[in-house]
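Under the working numbering, the first residue of the sequence shown is numbered 5, with each subsequent residue one higher.
Glycine included, every Cβ here is placed at the ideal spot set by N, Cα and C.
Since the structure comes first, as structure tokens, the remarks are kept for the end.
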Amino acid sequence: MTKGWIGVAVIIAVAVLGFGTWWVYGLGQEDMSTSDGGAGMDGMAGEAPRFPPVAAYYEGERVLFAHPESSDPEISELLTDMMGSPVTTVPELAEAPESALGPVYVFTNGVRPDGPRGPLEFQPDVFDTAPGDDGYTPLRRLVLLTWNEDGTSAGPRLLTSAGEVEDAIEAGELSAERTDVVINAPLLTWPAGRR
Numbered sequence: 005m006t007k008g009w010i011g012v013a014v015i016i017a018v019a020v021l022g023f024g025t026w027w028v029y030g031l032g033q034e035d036m037s038t039s040d041g042g043a044g045m046d047g048m049a050g051e052a053p054r055f056p057p058v059a060a061y062y063e064g065e066r067v068l069f070a071h072p073e074s075s076d077p078e079i080s081e082l083l084t085d086m087m088g089s090p091v092t093t094v095p096e097l098a099e100a101p102e103s104a105l106g107p108v109y110v111f112t113n114g115v116r117p118d119g120p121r122g123p124l125e126f127q128p129d130v131f132d133t134a135p136g137d138d139g140y141t142p143l144r145r146l147v148l149l150t151w152n153e154d155g156t157s158a159g160p161r162l163l164t165s166a167g168e169v170e171d172a173i174e175a176g177e178l179s180a181e182r183t184d185v186v187i188n189a190p191l192l193t194w195p196a197g198r199r
């Protein structure tokens with residue numbers, strides 16, 4: 005009798021895992037390009053804008069984000085060229101109160117990985133918070149990081165967390181320039197979730 009229940013349990017487990025995989029990876033989702041996706045928009049979903057995801061780091065993990073808007077026209081142009089998708093200039097973003105902003109760390113020199121890179125062709129950007137964290141905000145003040153080349157540091161290396169960035173700044177390995185540029189950069193994926 006026990007073997008019978010084990011067989012039933014295995015069949016149920018396989019069915020649940022199969023359905024879960026199908027569900028998680030979107031194989032069961034409605035084709036949004038041929039329907040209104042239940043949104044009542046008469047087929048508008050097929051025309052919906054798409055933001056290319058950008059790779060970055062948060063707490064040692066790879067995350068993805070979008071940057072649809074910037075307060076600075078030169079940065080908007082740079083990001084548009086980088087992603088091949090328009091980044092709108094919204095000067096009013098620079099007027100956001102400091103309490104509504106978080107940093108996005110962007111490297112001006114250092115490591116050039118084989119994979120994704122930041123907007124200046126060096127390592128991907130680093131975020132200090134993600135959705136669900138105290139103080140998370142999609143509005144980011146651009147902080148430019150430059151590795152000091154005076155021979156006193158271990159040299160440029162890949163940094164994957166705000167803690168590592170802050171330690172390198174404190175040790176004098178990195179210089180940080182806090183700019184007046186604000187970027188709307190919501191995270192799309194993060195270790196504990198996704199949009």
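For residue 80, no beta strand (DSSP E) run applies; the uninterrupted alpha helix (DSSP H) run containing it begins and ends at 77 to 87, by DSSP. The C-alpha of residue 137 lies about 15 Å from the C-alpha of residue 103. Between the beta-carbon of residue 187 and that of residue 180 there is about 16 Å, and that puts the pair past the 8 Å contact cut.
Taking the Cα positions, residue 55 is about 39 Å away from residue 154. DSSP, read as helix, strand or coil, puts residue 97 in helix. Residue range 129 to 131 is occupied by the beta strand (DSSP E) that includes residue 129. Closest option to residue 85, judged by alpha-carbon separation, among 72, 116, 199 and 96: 72. For residue 184, the uninterrupted beta strand (DSSP E) run begins and ends at 178 to 188, by DSSP. Residue environment: residue 144 is assigned as buried (16 or more neighbouring CB atoms within 10 Å of its CB, all protein chains considered). Taking C-alpha positions only, residue 119 is separated from residue 185 by approximately 26 Å.
Approximately 4 Å separates the beta-carbon atoms of residue 91 and residue 80; this is inside 8 Å, confirming the contact. Judged by beta-carbon spacing, residue 128 lies within the 7 Å limit of residue 59, meaning their Cβ atoms are closer than that value.
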